[in-house]
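Participant:
2 protein chains.
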Amino acid sequence: MAKKNALSPYLKQLLEKGDLQYQTGISVDCVIFGFHEQKLKILLLNLETVDKWALPGGFIKKSEPIEEAAYRVLKERTGVQHIFLQQFHVFGDPDRSDASIHQKRYLNYGVKIPKDNWLLQRFITIGFYALIDFSDEKIKEVVSDETTAWIDINKLSHLMMDHEAIVLKALEALRSQLAYLPIGRNLMPKKFTMPELQKLYETILDRKLDRRNFQRKMLGFDILNKLSEIRKGGAHKAPFLYSFNDKKYQKALKDGLYGSW
Amino acid sequence: MAKKNALSPYLKQLLEKGDLQYQTGISVDCVIFGFHEQKLKILLLNLETVDKWALPGGFIKKSEPIEEAAYRVLKERTGVQHIFLQQFHVFGDPDRSDASIHQKRYLNYGVKIPKDNWLLQRFITIGFYALIDFSDEKIKEVVSDETTAWIDINKLSHLMMDHEAIVLKALEALRSQLAYLPIGRNLMPKKFTMPELQKLYETILDRKLDRRNFQRKMLGFDILNKLSEIRKGGAHKAPFLYSFNDKKYQKALKDGLYGSW
DNA sequence: ACAAAAGTGTTGTCGATACACCCATGG
DNA sequence: CCATGGGTGTATCGACAACACTTTTGT
């Protein structure tokens, strides 16, 4: 058994005064999608004390809009800012909370949570999802007993509570979003080839798309800049590089696209 | 000034013990759409004490799923049951609550709410929407100082707090829903003509649709029964009557439709 | 008989799909 | 020189929109 560390000021404060600082009984959870090595992945925190994976989530401050809370939580736990973050569903089953998770976490520091503590009550959580290019971002570890990892969407296991259901619902929302909003700006590197972008779409939709039709449709959205460079080095014919046209991309985010996949 | 009534047991209990029975800081609000005289309307409660209109809403019991809370609230305030009810958005601005509304309501009974009472804190609300054929339903009045009314969607005014924004968001959700799910089962009477159903769609979408294309597409969904009867009495050619095929309608609710408007 | 409303049919357009062909590069 | 991946073009199909004609009914 690992040596017991002292309870951090943060965790002590959270336990004893959290209900003065935060809204009680409600939380936010973020499903953060990343795309790497042609796989759609999700950022998860490893809760060592209970040997489970958890979505990065947190509480809402007393005078904080819920969207802001989601952005703050995301920033605190991953360092990511200024990205596309979207509320998608509320999970409110009375049995979704699991008090034992908090209990074990604090017990790891030799602290027993009083039964009437705010952390142990029922929590309703608002699900948000975000898309990021995680190759550009450094994942900060802010809470000492948590480690972060990118887990393949198809290899989820040992998620705590209802977090797997939350992920699946987020994936559903992401797919339906694909139909009427541009996606990719935050999941792709600055420069990318058309086949690379296609892989992203295929991964999200979990099916093959026709190479040529994809290209035509994507270009038809008029949100890409075709660069003069090409991706050299690889075998075979060198593909063109593209980047997102930020102005047009933002416009499309507001106005929507049309087609569907 | 009207004679002051005694505070009802319900309101007294709500004020003093509500935080033991309900989740604090979170509520549900229902946007109930009805269709009548070719107008899309919304069920609102008239809060006499503040001279404003409010969505029927309520609190979530300590051990109650949020959907169940929404159904219960809807039933308590309108008597409507077993209808299509759907979560669509969470409204969490810290300034959206207005303590003065509760204050005035209780002051009407000569009761002053303590500043630290649970009713006066910030509330985050989960928006649900429902579609009902209100010509068949009796609107029950359950709280003595509230009266209910159907208000034309285009003539909303004097809604309390952010309830107008909630209605508009619900309308947005309803419109997007129209694209992939069957709608009308709960908004139309049992028997109806195709032009009548078309009016519903035109009202929700706020634009004209082609008579013939509408009919072909709607029939293509295969969720209607064509009845042998016709609507007699009116001037001009008598239209056929239709009813929803409940089995196919439910199936379409699960599987989704395809087209868009 | 005429106006107004409803039923039915036809055509054109456009996007989605499927597929064919050419080009470039490394082995 | 050929296998592989990438770029570009074309034919077909189906859904949707636009529109014409016929039928019914009350006045």
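Chains as they are written, first to last, in my numbering: chain A, 603 to 863; chain B, 603 to 863.
Even glycine gets a Cβ: it sits at the ideal position worked out from N, Cα and C.
1) I'd like to know if the segment 707-719 of chain B and the segment 765-777 of chain B are in contact, where contact means that at least 3 CB-CB pairs between them fall below 8 Å.
2) By how many angstroms is the C-alpha of A/Ala-701 removed from the C-alpha of A/Ser-610?
3) Just how far apart, CA to CA, sit A/Ile-806 and A/Val-633?
4) Given that a residue counts as buried once 16 or more other Cβ atoms are within 10 Å of its Cβ, and exposed if not, what is A/Gly-636?
5) Whose C-beta lies closer than 8 Å to the C-beta of A/Tyr-844 among residues of the same chain, with five residues either side of it excluded?
6) CA-CA distance, B/Gly-659 and B/Ile-628?
7) Going by DSSP in three states, B/His-889 sits in which element: helix, strand or coil?
8) Starting from the beta carbon of B/Lys-664, find every residue of chain A whose beta carbon is closer than 8 Å, and list them in chain order.
9) Of all the residues that make up the segment 609-635 of chain B, which are near chain A by a beta-carbon distance shorter than 7 Å?
10) Mind reading off the beta-carbon distance from B/Leu-646 to B/Ala-656? Whole number of angstroms is fine, and I expect it under 8 Å.
11) For B/Ser-665, does the three-state DSSP call read helix, strand or coil?
12) Going by alpha carbons, who is nearest to B/Arg-698 out of B/Glu-678, B/Ile-715, B/Ile-728?
13) For chain A, check one thing: does any of its Cβ atoms lie closer than 8 Å to the Cβ of B/Val-692?
14) Hey, A/Leu-617 and A/Ile-703 are a contact pair by Cβ (cut 8 Å); roughly how many whole angstroms apart?
15) Give the interface partners of B/Ile-728 over in chain A, defined as CB-CB distance under 7 Å, in chain order.
16) Apart from the five residues just before and just after B/Phe-823, which ones in its own chain have a Cβ nearer than 7 Å to its Cβ?
17) Using the rule of at least 16 other Cβ atoms within 10 Å of the residue's Cβ for burial, across every protein chain shown, is B/Trp-863 buried or exposed?
18) Just by C-beta distance, which residues in the segment 784-816 of chain B are closer than 9 Å to chain A?
19) Under the three-state reduction of DSSP, which class applies to B/Ile-728: helix, strand or coil?
20) Please name the residue in A/Arg-724, A/Lys-856, A/Gln-615 whose C-alpha comes closest to that of A/Tyr-782.
21) Using the Cβ count rule (16 or more neighbours within 10 Å means buried), how would you classify B/His-691?
22) Per DSSP, which residues does A/His-638 bridge with? Please list them.
23) For a contact meaning CB atoms closer than 7 Å, what does B/Gln-779 contact in chain A?
24) Under 8 Å Cβ-Cβ, which residues of chain B neighbour A/Pro-716?
25) Would you kindly check if the distance between the Cβ of B/Thr-651 and the Cβ of B/Lys-614 is under 8 Å?
26) Looking only at its chain, what residues have a beta carbon closer than 8 Å to the beta carbon of A/Val-682, apart from the 5 residues adjacent to it on each side?
27) Tell me which same chain residues have a C-beta within less than 6 Å of the C-beta of B/Lys-801, skipping the five on either side of it?
28) Compile a chain-ordered list of the residues in the segment 667-689 of chain B whose CB is closer than 7 Å to at least one CB of chain A.
29) Considering only the beta carbon of each residue, do B/Gln-688 and B/Phe-730 sit closer than 8 Å?
30) What would DSSP say about B/Lys-793, mapped onto helix, strand or coil?
31) For a test of the three-state rule: what should DSSP assign to B/Ala-604, helix, strand or coil?
32) Leaving out the 5 sequence neighbours to the left and right, which residues in its chain are closer than 6 Å to B/Tyr-851 when beta-carbon positions are compared?
33) Roughly how many angstroms lie between the CA atoms of B/Thr-626 and A/Leu-622, to the nearest whole one?
34) Does the beta-carbon of B/Gly-712 have 16 or more other beta-carbons within 10 angstroms, so that it is buried, or is it exposed?
35) Residues in the same chain with beta-carbon distance under 8 Å from B/Met-790, minus the five sequence neighbours each way, listed in chain order, please.
Facilitator: Taking the structure as given:
1) no
2) 20 Å
3) 14 Å
4) buried
5) Lys-793, Phe-794, Thr-795, Met-796, Leu-799, Leu-826, Asn-827, Lys-828, Leu-829
6) 11 Å
7) Coverage of chain B is limited to positions 603 through 863, which leaves residue 889 of chain B absent and any answer about it impossible.
8) Pro-696, Arg-724
9) Gln-625, Thr-626, Gly-627, Ile-628
10) 7 Å
11) coil
12) Nearest of B/Glu-678, B/Ile-715, B/Ile-728 to B/Arg-698, Cα basis: B/Ile-728.
13) So yes, B/Val-692 belongs to the interface.
14) Their Cβ separation, rounded to whole angstroms, is 14 Å, which puts A/Leu-617 and A/Ile-703 out of contact at 8 Å.
15) Val-692
16) Pro-784, Ala-854, Leu-859
17) exposed
18) none
19) If DSSP states are grouped into helix, strand and coil, B/Ile-728 belongs with the strands.
20) Between A/Tyr-782 and the set A/Arg-724, A/Lys-856, A/Gln-615, the nearest pair of CA atoms involves A/Lys-856.
21) buried
22) A/Lys-641.
23) Those do not exist, as B/Gln-779 stays about 12 Å from chain A at its closest Cβ, beyond 7 Å.
24) Within chain B, no residue comes near A/Pro-716; the closest Cβ sits about 18 Å away, beyond 8 Å.
25) no
26) Excluding residues within five positions, the ones whose Cβ falls inside 8 Å are Ile-634, Leu-676, Ala-732, Ile-734, Glu-739.
27) Taking B/Lys-801 as the centre and dropping the five residues before and after it, the same chain places the C-beta of Gln-640 closer than 6 Å to its C-beta, in chain order.
28) Pro-667, Ile-668, Gln-689
29) yes
30) In this structure, B/Lys-793 counts as coil in the three-state DSSP scheme.
31) Annotation note: pLDDT 48 at B/Ala-604 (below 50); position unreliable, coordinate value reported separately. Secondary structure at B/Ala-604: coil, using DSSP grouped into helix, strand and coil.
32) Around B/Tyr-851: Pro-784, Arg-787, Ile-825.
33) 14 Å
34) Looking at its Cβ environment, which holds fewer than 16 other Cβ atoms inside 10 Å, B/Gly-712 is exposed.
35) Phe-637, Asp-735, Glu-798, Leu-799, Leu-802, Phe-846
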